[in-house]
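Q:
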Amino acid sequence: MTDVRPLRILHVSDTHLLGDGTRHYGVVDTAAALRSVLERASTVTDVDAVVLSGDLSDDGTPASYRTLLELVEPWAAERGAVVVPAMGNHDLAAGFEEVLGERERTVLVRGFRIVTVDTSVPGAGYGRLDPAQLERLRRALAGLEDPDRDTWPEDTTHVPIRRTVGVLHHPPVPARSALLAALELQDPGPLLEACEASGVVSVVLAGHYHHALATTAGRVPVVVAPGVANSSDPLAPCGHERADVGSGFAVVDVRDDGEVTVVFVPVPHASDVADGTELFDLGPDEVARIAAAAGPGATS
């Protein structure tokens, strides 16, 4: 019988876990928030993959990534889902690789391909892809980086690739707030051109902006998941960067014909701090200072 069920992804981002159990901005217990997200998602059926689109750690320690696996892996295993992590600007390569494995990978799930891309720049907050990464992406989208099908379950070794999902941290679309606009993915054009030229990419999943967003970049659908650690305010006053306590996730379905359906799910009371509690409100001077220190001008 032909498998017509769409690929279903639980899309989680920006968990900002800390290895020593301290709180995000001294306020949010991010491990508790992630537990609440997974508990809220427990009624979602037919999940094939848990995609984690970066800023999984806040301090880059191996302990923080072990906490992530301790929470996510049993949830995924119970449902027969694979866990697909990607690097973010707060993640550190050494800790990520030690616990989670390769920073860029191609995963095959029920005939769908999931390709992760590392857009992080060491020591910076913005995103970038170098020519070697773009070439690797093109090869992955062409199927030249697919895992050996000999490792697939026996009943799937002859399944053709149905569609492809890209995963990265920095969205290839403009940010809506002052600081995030200074920490965007630089020159997303070549990435989008590679996705469009492949003819197989149904959607790009991203994080970084800490608020739900579904849009298109050229002809490529882009889904940004809400943050687990906090919720940024895309309507902050001009020049300001604000974030409140709040968590959420996305459920993304990808069909053979390329159609993508996304549902954003808020998670009330994910932590022991009241939703809507302000974490920070950075004024224009502070935004400019951080942008200068973490933006492309600091490392170009």
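Heads up: the sequence shown is residues 1 to 300, going by the UniProt record's numbering. C-beta: ideal position from N, C-alpha, C; glycine also. Note that this is a predicted model, so its numbers are computed, not measured.
#1: Check the DSSP bridge columns for D253 and list the partner residues they point to.
#2: If you reduce the DSSP assignment to three classes, tell me which class residue 303 lands in.
#3: I need the boundaries of the alpha helix (DSSP H) containing residue 386, first residue and last residue.
#4: Whole angstroms are fine: how far does the CA of S120 sit from the CA of Q186?
#5: Can you give me the start and stop residues for the beta strand (DSSP E) that L161 sits inside?
#6: Pop quiz: V84 and V167 are said to be a contact at Cβ under 8 Å. What is the actual Cβ separation, rounded to whole angstroms?
#7: Quick one, are the C-beta atoms of residue 366 and A250 less than 8 Å apart?
#8: Select from E278, G258 and A197 the residue whose C-alpha is nearest the C-alpha of R242.
#9: Under the rule that 16 or more other beta-carbon atoms within 10 Å means buried, what is H269, buried or exposed?
#10: Run the CB neighbour count on R289, radius 10 Å, all protein chains shown included, and call it buried at 16 or more, exposed below.
#11: Pairs of beta-carbons, one from the stretch 87-104 and one from the stretch 63-73, closer than 8 Å: are there three or more?
#12: Would you kindly check if the distance between the Cβ of L92 and the Cβ of D58 is under 8 Å?
#13: Can you tell me which of E145, A214, Q133 and P160 puts its alpha carbon nearest to the alpha carbon of V173?
#14: For the alpha helix (DSSP H) holding D91, just list the boundary residues, first then last.
#15: Tell whether a beta-carbon distance below 8 Å holds between E193 and R219.
#16: List, from N- to C-terminal side, the beta strand (DSSP E) runs of 3 residues or more that fit wholly inside the stretch 197-240.
#17: Output the boundary residues of the alpha helix (DSSP H) element that contains R66.
#18: Where does A297 sit, in a helix, a strand or coil, going by DSSP?
#19: Between A175 and Y209, what straight-line distance do the alpha-carbon atoms span, to the nearest angstrom?
#20: I'd like the span of the beta strand (DSSP E) that includes T116, first residue to last.
#21: I believe S271 touches A33 by the beta-carbon criterion, under 8 Å. Please report the beta-carbon distance rounded to the nearest angstrom.
#22: Between which residues of its own chain and L134 is the CB-CB distance below 8 Å, once the five residues before and five after are set aside?
#23: Y126: which of D285, A31 and G207 sits nearest, CA to CA?
#24: Along the chain, where does the beta strand (DSSP E) containing S36 start, and where does it finish?
#25: Spatial neighbours of R162 within its chain, please: C-beta separation below 7 Å, excluding the five flanking residues on both sides.
#26: Note down the Cα distance separating D285 from A291, rounded to an integer number of angstroms.
#27: Count the other C-beta atoms from every protein chain shown that fall within 10 angstroms of the C-beta of E184, then say buried if there are 16 or more, exposed otherwise.
#28: Between A236 and S177, what straight-line distance do the alpha-carbon atoms span, to the nearest angstrom?
#29: Taking E278 as part of the alpha helix (DSSP H), name the residues at either end of that continuous run.
#30: Which of helix, strand or coil does DSSP assign to A291?
#31: Determine the direct distance from the alpha carbon of L144 to that of D14, and round the result to whole angstroms.
#32: At what residues does the beta strand (DSSP E) containing L108 begin and finish?
A: In terms of the structure at hand:
#1: For the purposes of this step, residue 253 is identified with residue 253 of the sequence shown, where counting begins at 1. Bridge partners of D253 according to DSSP: R8 and T261.
#2: Here the chain covers residues 1 to 300 and nothing more, so residue 303 does not appear.
#3: Any question about residue 386 goes unanswered here, given that the chain covers just 1 to 300.
#4: Within the sequence shown, numbered from 1, the residue matching residue 186 stands at position 186. Within the sequence shown, numbered from 1, the residue matching residue 120 stands at position 120. Looking at the backbone, the Cα of Q186 and that of S120 are separated by about 11 Å.
#5: Along the sequence shown, one-based indexing puts residue 161 at 161. Sequence inspection shows Ile at residue 161; the Leu mentioned does not correspond to that position. Counting along the chain, I161 falls outside any beta strand (DSSP E), and DSSP gives it neither H nor E.
#6: Numbered from 1 along the sequence shown, position 84 holds the residue referred to as residue 84. Numbered from 1 along the sequence shown, position 167 holds the residue referred to as residue 167. Contact holds; Cβ gap of about 6 Å.
#7: Nothing about residue 366 can be read from this structure; the chain reaches only from 1 to 300.
#8: Mapped onto the sequence shown, residue 242 falls at position 242. Residue E278 holds the alpha-carbon nearest to the alpha-carbon of R242 among E278, G258 and A197.
#9: Start at 1 with the first residue of the sequence shown, and residue 269 comes out as number 269. By the neighbour-count definition (other C-beta atoms within 10 Å, threshold 16), H269 is an exposed residue.
#10: As a working mapping, residue 289 is identified with position 289 in the sequence shown. Classification for R289: exposed.
#11: In short, these stretches touch, since the Cβ pair count reaches three.
#12: Counting from 1 along the sequence shown, the entry for residue 58 is found at position 58. Counting from 1 along the sequence shown, the entry for residue 92 is found at position 92. No, they are not a contact pair.
#13: To locate residue 173, count along the sequence shown from 1; it is residue 173. Checking every option, the nearest Cα to that of V173 belongs to A214.
#14: Sequence index remark: in the sequence shown, residue 91 carries index 91 (1-based). Per DSSP, D91 is not a residue of any alpha helix (DSSP H), being assigned neither H nor E.
#15: Against the sequence shown, residue 193 aligns to sequence position 193. Against the sequence shown, residue 219 aligns to sequence position 219. The answer is no: Cβ separation not under 8 Å.
#16: Entirely contained in the stretch 197-240, the beta strand (DSSP E) runs reaching 3 residues are, in chain order, 201-206, 213-217 and 220-224.
#17: Here residue 66 corresponds to residue number 66 of the sequence shown, with the count starting at 1. Residues P62 to E78.
#18: Reading the sequence shown from its first residue, position 297 is the one you call residue 297. Residue identity check: residue 297 is Gly in the sequence provided, not Ala. G297: helix per DSSP, three-state reduction.
#19: Along the sequence shown, read from residue 1 onward, the residue named residue 175 stands at position 175. Along the sequence shown, read from residue 1 onward, the residue named residue 209 stands at position 209. C-alpha separation (whole angstroms): 7 Å.
#20: Residue numbering aside, residue 116 sits at position 116 when the sequence shown is read from its first letter. Per DSSP, T116 belongs to the beta strand (DSSP E) from F112 to T116.
#21: Reading the sequence shown from its first residue, position 271 is the one you call residue 271. Reading the sequence shown from its first residue, position 33 is the one you call residue 33. The C-beta distance from S271 to A33 rounds to 5 Å, short enough to meet the 8 Å contact threshold.
#22: If you number the sequence shown from 1, residue 134 lands on position 134. So the qualifying residues of the chain are P190, L191 and A194.
#23: The residue given as residue 126 occupies position 126 in the sequence shown. The residue with the shortest Cα to Cα distance from Y126 is G207.
#24: Looking up residue 36 in the sequence shown gives position 36. Note, S36: premise wrong, no beta strand (DSSP E); alpha helix (DSSP H) at T30 to R40.
#25: As a working mapping, residue 162 is identified with position 162 in the sequence shown. Correct list, in chain order: G111, F112 and D256.
#26: Against the sequence shown, residue 285 aligns to sequence position 285. Against the sequence shown, residue 291 aligns to sequence position 291. Those two C-alpha atoms are separated by around 10 Å.
#27: Numbered from 1 along the sequence shown, position 184 holds the residue referred to as residue 184. Under this definition E184 is a buried residue.
#28: Here residue 236 refers to the residue found at position 236 of the sequence shown. Here residue 177 refers to the residue found at position 177 of the sequence shown. When rounded, the distance between both Cα atoms is 7 Å.
#29: As a working mapping, residue 278 is identified with position 278 in the sequence shown. Per DSSP, E278 belongs to no alpha helix (DSSP H); it is in the beta strand (DSSP E), E278 to L282.
#30: To locate residue 291, count along the sequence shown from 1; it is residue 291. A291 sits in a helix when the DSSP states are folded into three classes.
#31: Translated into positions along the sequence shown, residue 14 becomes position 14. Translated into positions along the sequence shown, residue 144 becomes position 144. About 30 Å.
#32: As a first step, residue 108 must be located in the sequence shown, where it is residue number 108. Segment T106 to V109, the beta strand (DSSP E) holding L108.
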